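The numbering of the sequence shown is our numbering, which starts it at 7 and goes up by one. Reading through the structure tokens given below for one structure.
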Amino acid sequence: MPIERLRATGSFLREFVEAVPGAVYAKDRAGRIPLGNEAFAEAVGWQSGGFVGKNDLELLADKDLARTVMDNDQRIMAGHGRSQIEEMLRAEDGSTSYWLSTKAPFTDEDGNVAGLVGVSVDITERKRFEQQERLRAQEVEHRNKNLLGVVQSVVRLTEAATIEEFRETVVGRLDALDRVHGVFMRERRDRVDLKELLLEELAAYAPNNAGRVRLTGPRVWVGVDAAQPLGMAFHELATNATKYGAFANATGTLDVIWQLPQGNGAPLAIEWKETGGQPVETPDRQGFGTRLIRSVVEHQLHGTLSLGWEPSGLRCAISLPLQSIALD
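Below, the structure is given as structure tokens:
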């Protein structure tokens, strides 16, 4: 069959329209639909052919969105060229879909605009991906702001006799933050197990002392915003244990025990208990490490802190409201 005759046949046009990857349709000046393929029927939620002669207000479940589509169509028919717009549809079950629509007016024999033709491609998955990327970007920005606040606290609460001592102290505290960040990057989660957080911080101070450290408690998930300051508190406690406590000799031990609350509104209780290390005494004044721990627990995590320098070793009790460590 010659190509000219093929083009003129209705069957060729129907097959061509059905083969197009997307919803294909035509509308007259009043918005009534004389033509549409199977993909269009599926998009508007009508069986094949059931949409013929109807407009979007009659076809679509969400009447406000239907009016928006019809208003867009009227603007396109009032123009003279092709337009590409994103449109949203909502089905009767409430599910939402997004479409990239390319539309152009067509004319009758006298050159007057008689309606429009359009092709709409489902971009719902792409829109969801873009939304997820935006949420990730907002999350990163939020985390960076929180991290900046923690870093500022680290520097503000660090004092030393020499520049080298100051540098080593700040670097150690920033390394603690980096270890927390590394857990989240490695696991690709937005939360971390409390035990995993403790293991990550203690590994830097007691790599060969596994038998001297006992961690006991149920699984507790900690969100990223709480994990950074809590990891910093554990870092300060571990640093203190290395200098003055359980890790300062070969016989000291550390027990960290935590318990989930039994009643509504009860806090998470964490006990850090050192025994067998170097003898400890109540300090004459509060050191910068202690001030940092207190700042983290009381101001950032809205909890309470109790420190006891017992003859057997340091005892630290931390109480945290669950909402302060949960995901935002």
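Using N, Cα and C, we set each Cβ at its ideal position, and we do this for glycine too. Predicted model, so just to flag it, every value in this text is computed and none were measured.
Below 6 Å CB to CB, which residues in the same chain sit around residue i once its five sequence neighbours on both sides are set aside?
i    : result
N61  : G37, R38
R218 : T259
S89  : I82, K109
T257 : G282
V127 : G28, L106
V119 : M83, P111, T113
A254 : G283, Q284
D261 : R220, K279
V361 : Any property of residue 361 remains undetermined from this structure, which presents the chain solely from 7 to 334.
Since residue i is in the alpha helix (DSSP H), which residue starts that stretch and which ends it?
i    : result
T4   : Since the first and last residues shown for the chain are 7 and 334, residue 4 lies out of range.
Q329 : 328 to 331
K69  : 69 to 84
D290 : It is not in any alpha helix (DSSP H) - D290 carries neither H nor E in the DSSP assignment.
A239 : 230 to 250
L63  : 62 to 65
E44  : 44 to 50
How would you call residue i, buried or exposed, if buried means at least 16 neighbouring beta carbons within 10 angstroms?
i    : result
H241 : buried
P273 : buried
E280 : buried
S330 : buried
M7   : Note that M7 scores a pLDDT of 38, beneath 50, so its modelled location is shaky; the value from the coordinates is reported in the next line. Burial call: exposed.
P40  : exposed
L298 : buried
N43  : buried
D290 : exposed
F135 : exposed
G251 : buried
V26  : exposed
D116 : exposed
For the beta strand (DSSP E) holding residue i, just list the boundary residues, first then last.
i    : result
F112 : 102 to 113
Y211 : Note, Y211: premise wrong, no beta strand (DSSP E); not H, not E.
D128 : 119 to 128
E277 : 274 to 281
E93  : 89 to 96
R197 : 197 to 199
E316 : 310 to 316
T259 : 259 to 265
D34  : 29 to 34
R220 : 219 to 222
For residue i, I'd like the list of residues in its chain whose CB is within less than 7 Å of its CB, leaving aside the five on either flank, ordered along the chain.
i    : result
Y104 : E92, M94, I129, T130, K133
E10  : Here the model assigns E10 a pLDDT of 47, short of 50, so the residue's position is not dependable, and the following value carries that caveat. Nothing meets the Cβ criterion.
V50  : F57, L65, L66
R346 : Here the chain covers residues 7 to 334 and nothing more, so residue 346 does not appear.
E24  : N43, E44
E21  : none
Are the CB atoms of residue i and residue j nearer to each other than 8 Å?
i    : j    : result
V125 : A32  : no
M83  : L63  : no
W278 : L200 : no
A247 : G283 : yes
E206 : A244 : no
L203 : L221 : no
D34  : G87  : no
L313 : V286 : no
S325 : A275 : yes
L311 : P267 : no
W315 : T296 : no
Tell me which residues share the same chain as residue i and place their Cβ nearer than 8 Å to its Cβ, disregarding the 5 neighbours each side in the sequence.
i    : result
E98  : G51, A67
G85  : P111
G59  : R38, I39, P40
L141 : none
Answer yes or no: does any C-beta atom of chain B fall closer than 8 Å to that of residue i?
i    : result
I324 : The structure shown contains no chain B; it holds only a single protein chain.
Can you confirm whether the region 234 to 241 touches the region 293 to 307 when touching is taken to mean that 3 or more C-beta pairs between the two stretches lie within less than 8 Å?
Proximity of the region 293 to 307 to the region 234 to 241 meets the contact definition, three or more beta-carbon pairs being nearer than 8 Å.
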